[in-house]
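In my numbering, the protein residues as written are 63 to 175. Don't be surprised by glycine CBs; every beta carbon is placed ideally from N, CA and C. Worksheet: the structure to be examined is printed underneath.
Given below as structure tokens:
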């Protein structure tokens with residue numbers, strides 16, 4: 063294991079303290095790990111609209127700002143946090159690519175019932 067432990071959290075679209083985020087926070091607190099908060103996004107309608115003049119970059123910048131606001135609340139509680147918004151389809155492939163690139167010690171994601 064590397065000197066610095068990291069936990070990659072696959073966030074839901076609402077950037078909230080979901081069960082996955084709470085689990086990651088608990089592990090990070092106990093191990094002084096860095097939380098890697100990743101948001102994976104793709105909307106076919108937005109991709110189509112981008113081909114017709116929709117400013118996808120501005121949309122993604124807005125999502126990054128919201129993610130940073132969420133991360134800021136965790137930083138305020140003493141957590142080390144890095145963020146990233148990833149756009150692309152299929153999302154599962156983007157998650158795998160990001161995990162391979164970041165090489166975190168743990169990956170935590172909520173599952174839907």
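So, is residue i buried or exposed, given that buried needs 16 or more other C-beta atoms within 10 angstroms?
i	result
residue 98	buried
residue 170	buried
residue 120	exposed
residue 71	buried
residue 73	buried
residue 160	buried
residue 84	exposed
residue 155	exposed
residue 151	exposed
residue 101	buried
By the DSSP assignment, the alpha helix (DSSP H) with residue i in it spans what residues?
i	result
residue 73	Segment: none, residue 73 is in no alpha helix (DSSP H) and carries neither H nor E.
residue 125	118 to 137
residue 159	153 to 164
residue 107	106 to 112
residue 93	81 to 93
With distances taken Cα to Cα, identify the nearest neighbour of residue i among the options.
i	options	result
residue 136	166, 91, 158, 174	91
residue 67	157, 144, 106	144
residue 134	152, 77, 110	77
residue 104	168, 157, 166	157
residue 75	168, 142, 146, 167	146
residue 126	149, 111, 166	149
residue 88	153, 107, 165, 140	140
residue 174	142, 130, 82	82
Please report the distance separating the alpha-carbon of residue i from that of residue j.
i	j	result
residue 115	residue 162	33 Å
residue 172	residue 109	25 Å
Starting from residue i and walking both ways along the beta strand (DSSP E), at which residues does that stretch end?
i	result
residue 148	142 to 149
residue 169	168 to 171
Determine contact between the segment 84 to 98 and the segment 113 to 129, defined as no fewer than three beta-carbon pairs at a distance below 8 Å. no
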